[in-house]
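Accompanying notes for the structure given below.
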Amino acid sequence: MSKAIVQGFIVLATFAIAIFCLTQINWMKMLHVESSLQKLEESLGDRVFNSLRLDADEIHGANAALDSMLHKLCEANNLENTIELHVLHSDEVNAFALPGNKMVFYSALITEAENADEVAGVMAHELAHIKQNHVMKSLVQQFGLQFLFSAVSGNAAEAFSSVTQFLSTNAFSRDMEKEADLIGLAYLEKAKVNPAAFVNFMVKLDSIQKEEGLSLYSWLSTHPDGIDRSEYLSEKINPDKSHYESIISEETWSDMIARLNEFEK
Ligand SMILES: [Zn+2]
1 MSKAIVQGFI
11 VLATFAIAIF
21 CLTQINWMKM
31 LHVESSLQKL
41 EESLGDRVFN
51 SLRLDADEIH
61 GANAALDSML
71 HKLCEANNLE
81 NTIELHVLHS
91 DEVNAFALPG
101 NKMVFYSALI
111 TEAENADEVA
121 GVMAHELAHI
131 KQNHVMKSLV
141 QQFGLQFLFS
151 AVSGNAAEAF
161 SSVTQFLSTN
171 AFSRDMEKEA
181 DLIGLAYLEK
191 AKVNPAAFVN
201 FMVKLDSIQK
211 EEGLSLYSWL
221 STHPDGIDRS
231 EYLSEKINPD
241 KSHYESIISE
251 ETWSDMIARL
261 NEFEK
C-alpha cells in the first residue's frame with residue numbers, strides 16, 4: 001500500500017517537473033519572441049520618425065501643452081503613459097501614430113483647431129490606435145513580418161518610404177477606425193473633455209475640404225466619411241454638458257499657438 005503511494009508520488013512529481021520544464025521553455029521562447037517584436041517595433045518607429053524629420057523640422061516648444069493633455073487623458077483612463085509625442089512643422093493637417101508608441105502631430109492640425117479640446121479629440125483617437133496595437137497589426141498585415149525585419153536590419157530606404165507613406169496615409173481598416181473613434185470618445189468622457197469638440201472639428205475639416213478641395217487635409221482623407229462618423233459619435237455623446245471642462249487652460253493653449261506661429265516666421 002505504502003509502495004503504491006510512493007509510486008503515485010513519483011508519477012505526480014514527474015508530471016509536475018515535466019509541466020514545469022515545458023512552461024519554462026515556452027515562457028523563454030515567448031519572452032524571446034516578445035523582445036524581438038518589441039525591438040522591431042522600436043526600431044521601425046525610430047527609422048520612420050527619422051525619415052519624416054528629413055522633410056519636416058521638429059518644433060519642441062509645443063510639447064509641454066500636448067504632454068499635459070496626454071497626461072490628463074492617460075491618468076483619467078488608468079493608462080500607462082509611454083507615449084512619445086512629437087510636433088513637426090508642416091502645412092499638412094495631419095496626426096498619426098507610429099510604431100514604438102510614438103505619436104506625431106503636424107503643426108497645421110493644431111493651428112487649424114479652434115481650441116485644445118478639438119486637438120484632444122484627435123489625440124484620444126490616435127491614443128486608442130496605439131493602445132489597441134493597431135499600428136503593428138496593420139503593418140504586419142500589409143507588409144508581413146519578414147519584410148519588416150529585413151527593412152530594419154538592412155539599409156532599405158525604399159522599404160522605409162513605403163512604410164512611412166502607409167502609416168501617414170491609409171494605415172487602418174474601417175473597423176479599426178471605428179474602434180479608435182469609440183474608444184477615443186470613451187477616453188475623452190472619462191477625462192471630462194467634451195467629445196462634441198472632436199465631432200465639430202471633424203465636420204469642420206470635412207466641409208473645408210469639400211468646399212475648397214484642399215489636398216492638405218490629410219487627417220480627414222485618411223479618416224473618411226466624417227459626416228457618418230460624426231453621426232454615430234454624436235449618438236454616444238452625453239447630452240449633459242455640465243461636467244465637462246477644458247483639457248488645458250486657455251493660457252497654455254494660446255502659448256502653444258504663439259509658439260507654433262513664431263515658427264512660421
Ligand atoms: Zn485613425
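In terms of the UniProt record's numbering, the sequence shown has 175 at position 175, counting the first letter as 1, and numbering is strictly consecutive. Cβ atoms here follow ideal geometry from the backbone N, Cα and C, with glycine treated the same way. It should be emphasised that the depicted structure is a prediction, and the values quoted were computed from it without experimental measurement.
Status (buried if at least 16 other CB within 10 Å, exposed otherwise) for residue i
i      : result
Asn261 : exposed
Pro195 : buried
Gln38  : exposed
Asn50  : exposed
Gln146 : exposed
Asn44  : Looking at the sequence shown, residue 44 is not Asn but Leu. With 16 or more Cβ atoms within 10 Å of its Cβ, Leu44 is classed as buried.
Lys210 : exposed
Asp175 : exposed
Glu177 : buried
Contact check, residue i vs residue j, beta carbons under 9 Å
i      : j      : result
Tyr187 : Leu79  : yes
Asp117 : Val193 : yes
Leu85  : Leu66  : yes
Glu41  : Gly121 : no
Leu139 : Ala171 : yes
Trp253 : Asn115 : yes
Gly184 : His134 : no
Leu167 : Val93  : no
Ala76  : Ala191 : yes
Ser102 : Ile248 : Reading off the sequence, residue 102 comes out as Lys, not Ser. In this structure, Ile248 does not lie closer than 9 Å to Lys102 by Cβ.
Ser179 : Gln132 : The question names Ser, yet the displayed sequence has Glu at residue 179. Yes; because the gap between Cβ atoms is below 9 Å, this pair is in contact.
Asp181 : Arg229 : yes
Val119 : Ala113 : yes
8 Å Cβ shell around residue i - same chain, five flanking residues per side excluded
i      : result
Ala56  : Leu88, His89, Ser90 and Tyr106
Asp255 : Ala65
Neighbourhood of residue i by C-beta distance below 6 Å, restricted to the same chain and skipping five residues each side
i      : result
Thr111 : Leu260
Ala159 : Ala151
Does the region 29 to 43 come into contact with the region 60 to 77, if we say contact requires no fewer than three beta-carbon pairs (one atom in each stretch) closer than 8 Å? No: fewer than three Cβ pairs fall under 8 Å.
Examine the Cβ distances between the region 101 to 109 and the region 230 to 241 and report whether three or more of them are shorter than 8 Å. Touching, no, given that fewer than three Cβ pairs across the two stretches are closer than 8 Å.
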